[in-house]
Each structure stands twice: as structure tokens, then as C-alpha cells.
Amino acid sequence: MKTARLSVRRGTADEVPRYEEFFVPFEDGATVLDALIWIRAHRDPSLAIRYSCINANVCKECTIAVDGKVVYACTTRLVGEQPMVLDPLPGKRRLRDLVTETRPPRERLS
Amino acid sequence: MMHLDTDVLIVGAGGAGMYAAIAAARAGAERVLLVDKSLVGRGGATIMAQMTVAAALAEESADDWRWHLADTLEAGRGLCEETLTAVLCEEAPIRIREMGDWQVGWARRGNGRIAQVTAPGHSRPRCCYVDFLNTGPAVAATLRRQVSRIGAIRRLSNLAVNDLATADGAVVGAVALDAASGEPVTIAAKATIIATGGLTRIYRRNSASANMGGDGYALALMAGASLVDMEFVQFFPIGHLAPRLVGMDPIMWDPFRYKLGGRLLDGAGNEFLARYGSDETDAYTTPRDIASYAITREVAAGRGSPHGGVYLSFEHVPAAELREAFGPVVERLAKNGIDLARAPVEVSPIAHYHMGGIAVDERMASVVPGLYAAGEAVGGANGANRLSGNAIPEALVFGERAGRFAATAKPAGVWQDGAAAEAVERIRELAEGRKGDVAAAALLDELRTLMGDDVGPLRNAAGLGRALDRLGEMRAALPKLAIAPGRECNASLADWFELRASLIAAEAVTRAAFARRESRGAHQREDFTDSAAEFAKSRRVVMTAAGAIAASVAG
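These protein sequence lines map, in sequence, to chains S and H. For the first sequence, my numbering assigns the number 2 to the initial residue and increments by one for each residue that follows. For the second sequence, my numbering assigns the number 85 to the initial residue and increments by one for each residue that follows.
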């Protein structure tokens, strides 16, 4: 088992943004989405993330920024040692933590 | 508080839900509301489907829907609700040709005919496809396009229906949680269709998307409807296990094993299927339930691979042939560190589809007035085991029927604010946050392991009893679970509702599995290894007014 070090941006749109650090055990090949799901189950269930298909890369919901680059969390591999910085998708209204408003306008209630 | 009013409410916007919306509008409904916990048309199982769609189109050779029916009934091991199965097989060709008219892009032969291949369990070439690994996304995109052209359909994403509202014994609408705002929303509906898919997400190893935790089964039970065949969870025998494969569906190996004759080997590299009565010398013919059973037995006997599965090997296939068959997939595999010419991959049974579901008649109406179901959420059409290729036709055929009959039925009841009061209050109270030692996210994790270990492909009384005890404890813990405060996108609030639904669905499966003291199709008992004539009927699961879940034999 290796350990990944993730610095995750937290907070709602109204709050002062802050970064929280998580250490996540992983096997080679595991993804950023795997780590976020692990954090929700084992460290902090309040972490807000958006995802649906988990593996197939068909839903495109888990788009975030990793080290400033826009990626799918489900296809981005974890690296050991070096910290990875996770931010919500830039250019979208932030809702909470890594969740941004990506719904088409007509599909929104609020 | 926001209140919506609609003619037909459809909960879940995968293949079945989108088709139900189209059909409801076509049948004259002026206001159709299509809602999804995830994004409309992006979640659910249809979009994940990779391979084939079964329909007796008779494009490649003579075929008849009655032959499709005969094959499906045989796979169902005597438990199919034949009226539903017949509807599925008879109307599948209509829906599949219609998808073709809507430009889904069915693969065609040089002569222009739709290509059809023979999938395991089908007696003739009957399964059409868009492209290797792309059938589901094409079907989903086609339905999204159709839905978006119909003005009567309003779509709402990230709206989670967690409770149905009942008045005088009829379903009159629902109460939902708007994830973005954290506010409750009430929805009055003349008819409500559950199209939430199955429950495979309650298993540790699964091919599910995030929102397949069994919501629809819990909604139906809580509203007074009954479920049928809940013990029959289809485990896809060769789901991907290791090394970690990303960007591809874990059930991707089937067509390649089918095409190239990929060999299944135990941890020591020996073939083992013959020991379970399956002869694969000439072709890949082992049905899904037998293969899942064989692999699970091998692992239980200590003959598994390092990650707890078996090996799938293509090492005997020449590299050029591999490259031709896999095409661009070779590069995608290489990115995952997989070179099939040099090393096998590890595979294992993974929860893939649920045969059980809401008991409905041929109009897709449940026993509760005003409540309908569509797609995988429906139980009975596939009996004890589903044939490959029957799931997308089921989504389309049952979706069409549910939408049409829901739109043309007389309203079952009248909305009353009181019908929603308890559920609205619960959302408000939980959103305040609650201190506690355990959160729902941790229990969801535990639930998946529990179901995988004790209610998986191979079951016995001790394991099922252990699961029932623990499921009961977890359900009892719901009122005390920790919830983080805050309304917008409160993940722990969403988890609480998911856990509540998943525990109900899990208990329905486990109670039915405990009561079926025999082995049949996808339900295999170590302590009752044979099928027994007395169990050749479907079992119903109901919920009492006090919330207890009970399984009984139908009839």
C-alpha cells in the first residue's frame, strides 16, 4: 500500500475557501475518485463530490481540477508522496467543496 | 417551500424513465416531470450498457418473438411472470426498429440489414448492437435527443425523490430533496412511475453507477406495493477485478471472451469450468449463473487469484489476432498496464442486474393506485436469471407501457398537503445536522461488504441470518446517525436517505433469499443445492405498517 496526499478545497460559495489535507492508502492504479470515495467512507462524510458512473467514464460528472488542470477524477491516477491539489471546476458556480453547478440551466430547480 | 404539479411524475431518468416520459407525452399528458438524483440521461444503467440488445427482428435468420419468449422463459428457470415476458419479447422489435428510425446507429451488414449476433442463452442470432462498448451510450444519447424535443416534458436534475406521498391508499405524488439548495420540494402527480433501476450498488463488487442503491424498491415498499423475485441478483461472472482498470466498464470482457475464447483459470493456472458441467472446448457457452457459481466455489475453496477472483487469459491467442479483435481497446488497456498477450487479468462475479423488483401487471401498474414502474425496477419478466441482451428492451418496452398507461389512466387520488408533511419535516430536521459517532457513509461501505460476503452468489442459512441481524441493527441506528449541518449539497444528508433505501432493499433481498430453501438460477444455496418443485413459484416481499419487511410465497 502506498499513501496519497490530497489537498482538497472545502467550503460553500459563501465561505472563505480553505484547503484540507487527507492521507489516503492506495494500491497502484487507483484513481482520484477512488480516493475521494474512500475519504467520504472513512474520514469525512461531509465532503461533497459529484460523480455517477464511477468506472465507465460515460457520465462526465466527476470533472474537477487536479493541480490546476481540468480532468476527470475517475481517470486520473493517484501518485504517492507528492501532494495533489484538488479544486472544483473553474469557471462554474461553486456549490460546495468540489461540486460546481454543471446542470443545464433548464434542468435546475434552484 | 416549492410545490410542483404534474400529470405524470417519472422518478429516474435512465433508459426506462426517458422512454416513459416520451410515451406519456405521446399519449396526451400535457405536463410530464422527469426527475433524477443525478443528471437527466447521464446516470443509471442504460448508458453503461456495452454490448447487445435482444429483439426477434429476423434480420440475420428466421426468428419469431415466441422463440425469444421460449429462450427467456427457459433462462428464468420456471419463475418468469409470463404475461410480462411475452410483452417484453413481442414489443422489443417495435422499440428496437423505432430506435433505428431515431438514428441510434445499429450496426448493419453490407446488405443494409441490422447485424444480429448470438449471445449466450439465445437460440439464434438475435442481438443487435451499435458498436463494441458503445451500445448503451448511443441509446441514452438518442433518448436524450428525443426527450429534449418534447415541450411537455420538464427535466429536473439533482432532485432526489426519497418519499412517495399517499392519500386514501393511492400514490398522489412525492417529496424530493433538491440537492443544490437542501430544500424539500413537494410534487403532486396524477400518476407516478418508478424508473430508478436496480440495486446492484448495495454490493461491494458491482457494475453499478452511484445511484443504483435500490431507491425504487424502498419507495414502492413504503407506499404499500409488493416486490417479487427479490432473491435473484444477477452476478456478471467475469467482472474486472485487477489490476485497477479505469475509464472502462468492469463488464467489458464478455464480448472478447465470446469472440476469442478467453480461458478462465484458477489461481494455479488450471481450467475449472468442466468440473461444473460446462464444456467449453468448442465455444464459450457457459450461462451467467453457472459461471458465477463456479468462480465463487473456486475462490471459497482457496483456489482463487490474489485479489479473490480467477484469471481470464488470452495468452493462447496470437498477438495479431488480439490486436485485430480489440482494436483501439488495446491502447486503453495498455494505459492500465494490461498486456493480454503477456499476462492474464483477474475477474470475479460482480453484481450486474436485478431480476427482482416491483410487482406490476401488463400496464406496469403496481397494486397501489397511481403507482407504476418501468425498466429494471420491475420484477418478474426475467424470473430467476436474465438472458444477455434483455435489459435494454425491458427499459424501452416497459418504459413505453408505463408512460402510456400512466398518462391515460384516471387520477388515482387527490393531492393533500398532509400526505407530504412527515417527509418534509424529516428533511428539514435532518438538514439541521446531528451529532453522532457513526455516519451513513461508513455504514453504506459496511453494507456493501456484508451483502457481498453473506448474500452474494453463494448463500447459506448462517450467512443470511448474520446479514439479517446486522441489517436490522443498521436500520435501528438510522435515527442516531451523524449528519453534517448545512443545506447546500449536503452529502451526508443525501447519504442518510441512500442508506435508508439501501437497507430496505438489502433486507428485501436477504429475507427472500433466506426463505427460498433451494437453489435456482441466480440464487444458489450451499445448504440446499438442488431445485425443489415446491419452490417453483415467485415470492413476494411486503412491508407492514410498522416497517417490518416480510417475504412470502405468492398465490
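C-beta atoms are modelled at their ideal positions from N, C-alpha and C, and glycine is treated no differently. Every value quoted in this text rests on a predicted model; they were computed, and no experiment measured them.
Going by CA-CA distance only, name the one from H:Val522, H:Ala545, H:Gly421, H:Ala551 that's closest to Arg532 of chain H.
Of the listed residues, the one whose Cα sits closest to Arg532 of chain H is H:Ala551.
Mind reading off the beta-carbon distance from Ala74 of chain S to Leu48 of chain S? Whole number of angstroms is fine, and I expect it under 8 Å.
Not really, about 12 Å apart at Cβ, beyond 8 Å.
Per DSSP, what kind of secondary structure is Gly639 of chain H in: helix, strand or coil?
Reliability fails at Gly639 of chain H, whose pLDDT of 42 lies under 50, so the model's placement of it is uncertain and the value that follows must be treated cautiously. Residue state, collapsed to three classes: coil.
Within 8 Å (strictly less), CB to CB, does Val413 of chain H reach chain S?
So no, Val413 of chain H is outside the interface.
Compute the beta-carbon to beta-carbon distance between Ala108 of chain H and Gly487 of chain H, rounded to the nearest angstrom, for a pair I have assumed lies under 8 Å.
The pair is a contact, with the Cβ atoms about 4 Å apart (cut-off 8 Å).
Taking Cβ-Cβ distances shorter than 7 Å, what residues in chain H pair up with Ala57 of chain S?
Met132, Met332, Asp333, listed in chain order.
Going along chain H in order, which residues have a C-beta closer than 8 Å to the C-beta of Tyr52 of chain S?
Residues of chain H passing the Cβ test: Ala294.
What would DSSP say about Leu527 of chain H, mapped onto helix, strand or coil?
The answer is helix: DSSP assigns Leu527 of chain H an H, G or I state.
Against chain H, does Ala31 of chain S count as a neighbour if the rule is that its beta carbon must be under 8 Å from one of theirs?
Closer than 8 Å to some Cβ of chain H, the Cβ of Ala31 of chain S qualifies, so yes.
Grab the span of the alpha helix (DSSP H) containing Tyr301 of chain H for me, first residue to last.
Counting along the chain, the alpha helix (DSSP H) containing Tyr301 of chain H begins and ends at 299-306.
For a contact defined as C-beta to C-beta under 7 Å, what are the partners of Pro390 of chain H on chain S?
Those do not exist, as Pro390 of chain H stays about 11 Å from chain S at its closest Cβ, beyond 7 Å.
Roughly how far, in whole angstroms, is the beta-carbon of Ala515 of chain H from the beta-carbon of Leu577 of chain H, given that I think they are within contact range, below 8 Å?
Between Leu577 of chain H and Ala515 of chain H the Cβ distance is about 6 Å, and since that is below 8 Å, they are a contact.
Can you find a CB in chain S that lies within less than 8 Å of the CB of Arg239 of chain H?
Yes, its Cβ sits closer than 8 Å to a Cβ of chain S.
Going along the chain, which residues of the stretch 73-85 of chain S sit with their C-beta nearer than 7 Å to a C-beta in chain H?
Those would be Cys75, Thr76, in chain order.
Looking at chain S, which residues of the stretch 511-533 of chain H have a Cβ within less than 8 Å of any of its Cβ atoms?
Flagged, chain order: Ala523, Ala524, Ala525, Ala526, Leu528, Asp529.
If the cut-off is 9 Å on Cβ atoms, which residues from the stretch 90-110 of chain S count as contacting chain H, listed in chain order?
Here the close residues are Leu96, Arg97, Asp98, Val100, Glu102, Thr103, Arg104, Pro105, Arg107, Glu108, Arg109, Leu110.
Does Ser586 of chain H get closer than 8 Å to chain S when you measure Cβ to Cβ?
For Ser586 of chain H, the answer is no, since every Cβ of chain S falls outside 8 Å of its Cβ.
List, in order along the chain, the chain H residues whose C-beta lies closer than 9 Å to that of Arg11 of chain S?
Going along chain H, no residue has its Cβ under 9 Å from Arg11 of chain S, so there is no contact; the nearest lies around 11 Å.
From H:Tyr103, H:Gly128, H:Thr130, pick the residue whose C-alpha is nearest to that of Leu117 of chain H; which is it?
Of the candidates H:Tyr103, H:Gly128, H:Thr130, the one whose C-alpha sits nearest the C-alpha of Leu117 of chain H is H:Tyr103.
Alpha carbon to alpha carbon, how far is Ala524 of chain H from Ala97 of chain H? Give it in angstroms, no decimals.
Straight-line Cα distance between these residues: approximately 25 Å.
Counting along the chain, where does the beta strand (DSSP E) carrying Arg238 of chain H start and finish?
Segment 237-241, the beta strand (DSSP E) holding Arg238 of chain H.
Using alpha carbons as the reference points, say which of H:Pro477, H:Gly549, H:Pro221 lies closest to Gln134 of chain H.
Taking only the C-alpha atoms, the option nearest Gln134 of chain H is H:Pro221.
Excluding five sequence neighbours on each side, which residues of the same chain lie with their C-beta closer than 7 Å to the C-beta of Ala170 of chain H?
For Ala170 of chain H, where only same-chain residues beyond five positions count, the Cβ hits under 7 Å are Leu153.
Measuring only the C-alpha atoms, how far is Tyr287 of chain H from Ala461 of chain H?
Their Cα atoms are separated by approximately 17 Å.
Per DSSP, what kind of secondary structure is Ile271 of chain H in: helix, strand or coil?
Reduced to three states, the DSSP call for Ile271 of chain H is strand.
Let's see if you can read the secondary structure: which residues bound the alpha helix (DSSP H) around Thr628 of chain H?
Segment: none, Thr628 of chain H is in no alpha helix (DSSP H) and carries neither H nor E.
Quick check on Leu248 of chain H: buried or exposed, where buried means 16 or more other Cβ atoms within 10 Å of its Cβ?
Buried is the call here.
Against chain S, with Cβ distances strictly below 8 Å, would Asn420 of chain H count as a contact?
Interface residue, yes.
Would you mind working out which of H:Val498, H:Leu587, H:Leu417, H:Ala630 sits nearest Met296 of chain H, comparing C-alpha positions?
Answer by Cα proximity: H:Leu587.
Name the chain H residues whose beta carbon is nearer than 8 Å to that of Pro46 of chain S?
The contacting residues are Ala523, Ala524, Ala525, Ala526, Ala566, Ala568, Ala575, Ser576, Asp579.
Within the same chain, show all residues whose beta-carbon is closer than 6 Å to that of Leu527 of chain H, passing over the 5 residues directly before and after it, in chain order.
Hits under 6 Å: Met558, Leu583.
Identify every run of the beta strand (DSSP E) within the stretch 327-380 of chain H, keeping only runs that are complete inside it and at least 3 residues long; order them along the chain.
Here the runs fully enclosed are 347-349.
My assumption, with CB atoms under 8 Å, is that Leu227 of chain H sits in contact with Gly99 of chain H. Please give the rounded CB distance.
Between Gly99 of chain H and Leu227 of chain H the Cβ distance is about 6 Å, and since that is below 8 Å, they are a contact.
Report the rounded CA-to-CA distance for Gly639 of chain H versus Lys621 of chain H, giving the unit in angstroms.
With a pLDDT of only 42 at Gly639 of chain H, under 50, the local geometry of the prediction cannot be trusted, and no value is derived from it.
Please state the DSSP three-state secondary structure of Phe619 of chain H.
Looking at Phe619 of chain H - three-state DSSP - the assignment turns out to be helix.
Residues of the stretch 276-308 of chain H with a CB closer than 7 Å to any CB of chain S: list them in chain order, please.
So the list reads Ser293, Ala294, Asn295, given in the order they occur along the chain.
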